[in-house]
Amino acid sequence: MTKRVAILGMGRWGLTWKGVLDAIPGVEVVGTDHLDTGDRRPDYADVIVGTDLDAVIITLPVGLHLAAITDAVERRIPVLCEKPLVSSRAELQDLVSLASGTDVVVRVDQNYRARGWVGATRAAIRELGAVRHVRIVFAQPEFTDGGRGELTHPLLNDMAIHHMDLLRHLTDSEAAVLGAWAARPEPTSYSGRTDLDAVLRLSQGALVSYSGTWAARGATTPWDGDWEIICDGGTVHVTKLQVFVERSTGVLEPCNVAPDEGLHTDLAAVWAEFASALDGDANAGVSVADNARSLSLVLDLEDLALNNWPGSPGTGRDEQK
Numbered sequence: 017m018t019k020r021v022a023i024l025g026m027g028r029w030g031l032t033w034k035g036v037l038d039a040i041p042g043v044e045v046v047g048t049d050h051l052d053t054g055d056r057r058p059d060y061a062d063v064i065v066g067t068d069l070d071a072v073i074i075t076l077p078v079g080l081h082l083a084a085i086t087d088a089v090e091r092r093i094p095v096l097c098e099k100p101l102v103s104s105r106a107e108l109q110d111l112v113s114l115a116s117g118t119d120v121v122v123r124v125d126q127n128y129r130a131r132g133w134v135g136a137t138r139a140a141i142r143e144l145g146a147v148r149h150v151r152i153v154f155a156q157p158e159f160t161d162g163g164r165g166e167l168t169h170p171l172l173n174d175m176a177i178h179h180m181d182l183l184r185h186l187t188d189s190e191a192a193v194l195g196a197w198a199a200r201p202e203p204t205s206y207s208g209r210t211d212l213d214a215v216l217r218l219s220q221g222a223l224v225s226y227s228g229t230w231a232a233r234g235a236t237t238p239w240d241g242d243w244e245i246i247c248d249g250g251t252v253h254v255t256k257l258q259v260f261v262e263r264s265t266g267v268l269e270p271c272n273v274a275p276d277e278g279l280h281t282d283l284a285a286v287w288a289e290f291a292s293a294l295d296g297d298a299n300a301g302v303s304v305a306d307n308a309r310s311l312s313l314v315l316d317l318e319d320l321a322l323n324n325w326p327g328s329p330g331t332g333r334d335e336q337k
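In this text, residue positions in the sequence shown follow this note's numbering: the first is 17, and each later residue adds one.
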């Protein structure tokens with residue numbers, strides 16, 4: 017049976033999602049806001065109220081996520097929401113309460129989980145045994161589009177959710193933030209801070225170093241980051257989305273990684289999981305409760321990094337208000 021879907025928010029991500037859904041048999045995009053698709057509505061709330069829907073995909077600005085999810089759930093419309101889910105602990109608590117108190121499906125798009133290198137890395141870790149140390153490095157040149165240039169810390173506010181979610185997903189562990197420090201290179205086009213160094217600890221005791229910049233001056237990494245995961249039986253190296261295992265011999269053994277076919281493939285996999293959840297699989301897709309644990313790590317990083325900034329008058333969220 018055809019699933020009728022509306023997309024709320026027709027910026028870059030909304031347009032990307034429309035391209036993905038248009039190519040999937042059995043899915044029909046029947047409503048959007050701010051796009052001439054035959055059923056164009058001027059506001060996302062009008063789409064929810066005025067359309068017979070099986071699901072909505074929310075790609076609105078983060079500040080509108082909670083209200084849009086709430087509106088959809090109250091009308092018993094299943095939701096797939098882009099990340100970050102929300103921008104504050106108060107909103108996160110409200111959203112967790114909302115999702116736990118309803119049988120309406122609410123899921124989060126963490127599309128990096130669907131990538132080939134992630135599956136290969138998880139398999140390598142299972143083979144090599146307990147994780148002892150993790151090192152994550154992220155470096156991308158400045159990218160101020162979409163309001164990122166005005167964010168307090170664009171890496172934390174926009175990208176770090178991917179890396180914290182991958183950390184939990186790759187290691188099958190929870191984590192806690194031990195320390196975090198922000199920095200700002202000069203000159204930069206950003207109004208906020210672009211660099212971060214942090215230390216975390218996994219639930220089984222392994223330490224994690226996380227170093228990132230969104231103002232790279234030289235070498236860069238993929239958006240996913242480069243990873244080094246030291247285990248009892250060897251080390252997993254993820255470099256430029258390629259996965260290698262290094263055992264005691266010191267030889268780098270390449271792992272079989274499914275070809276990266278691009279963002280559309282990621283999102284198609286996310287949709288397939290969401291569709292399974294719509295069809296009754298309670299374990300399919302990334303739940304709000306699951307994603308809240310990743311987002312809580314980002315909020316903890318933000319608290320510590322921005323409070324450690326010289327002269328900071330308060331938390332990063334206070335500064336953003």
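Beta carbons: idealized from backbone N, C-alpha and C, even for Gly. A quick note: this is a predicted structure, and the numbers were derived from the prediction, not measured.
Excluding the five sequence neighbours on either side, which residues of its own chain have a C-beta within less than 8 Å of the C-beta of residue i, listed in chain order?
i, result
"A321", "H169, L172, A196, W197, A198, R209, L212, A214 and G332"
"V46", "R20, V21, A22, D55, T67, D68 and L69"
"P203", "none"
Rounded to the nearest angstrom, how far is the Cβ of residue i from that of residue j, given a contact under 8 Å?
i, j, result
"A231", "P201", "5 Å"
"G42", "K19", "6 Å"
"D70", "V21", "6 Å"
"I177", "L311", "6 Å"
"V122", "V72", "With 8 Å as the limit, V122 and V72 do not qualify as a contact, their Cβ atoms being about 10 Å apart."
Does any heavy atom of the ligand MN sit closer than 7 Å to the C-beta of residue i?
i, result
"R129", "The ligand MN is not part of this structure, which contains no ligands at all."
Do you know offhand how far residue i's Cα is from residue j's?
i, j, result
"V124", "N299", "13 Å"
"R105", "V112", "10 Å"
"A305", "L114", "11 Å"
"G249", "T265", "11 Å"
"V78", "D59", "16 Å"
"V120", "R92", "6 Å"
"D181", "H253", "18 Å"
"T237", "A291", "32 Å"
"D38", "L31", "11 Å"
"G25", "L183", "29 Å"
8 Å is my cut-off, CB to CB: does residue i come that close to chain D?
i, result
"A191", "No chain D appears in this structure, which consists of one protein chain only."
Which residues in the same chain have their Cβ closer than 7 Å to the Cβ of residue i, if we skip the five residues on either side of it in sequence?
i, result
"D161", "none"
"A130", "D282, A285 and V286"
"C271", "A136, A140, V259, F260 and V261"
Tell me which same chain residues have a C-beta within less than 6 Å of the C-beta of residue i, skipping the five on either side of it?
i, result
"E107", "L82"
Item to check | Unbroken stretches of the beta strand (DSSP E), 3 residues or longer, contained in the segment 109-157 | outcome: List check, beta strand (DSSP E) in window: 122-124 and 147-155.
Next on the checklist: List, from N- to C-terminal side, the beta strand (DSSP E) runs of 3 residues or more that fit wholly inside the segment 37-104.
Outcome noted: You should have 43-49, 71-74 and 95-97.
Next on the checklist: For the pair the segment 157-167 and the segment 254-261, tell me if three or more CB-CB distances fall below 8 Å.
Outcome noted: Remark: fewer than three beta-carbon pairs, one from each stretch, lie closer than 8 Å, so the segment 157-167 and the segment 254-261 are not flagged as touching.
Checklist entry - At a cut of 8 Å, does the segment 276-284 reach the segment 91-104 through at least three beta carbon pairs? => result These segments do not touch.
Next on the checklist: Just to confirm the assignment: which complete beta strand (DSSP E) runs, minimum length 3, are found wholly within the segment 225-265?
Outcome noted: Segments of the beta strand (DSSP E) lying fully in the segment 225-265: 242-247, 250-255 and 258-262.
Checklist entry - Curious, which full-length alpha helix (DSSP H) runs of at least 4 residues does the segment 158-237 contain? => result Those alpha helix (DSSP H) runs which fall completely within the segment 158-237 and span 4+ residues are 176-187.
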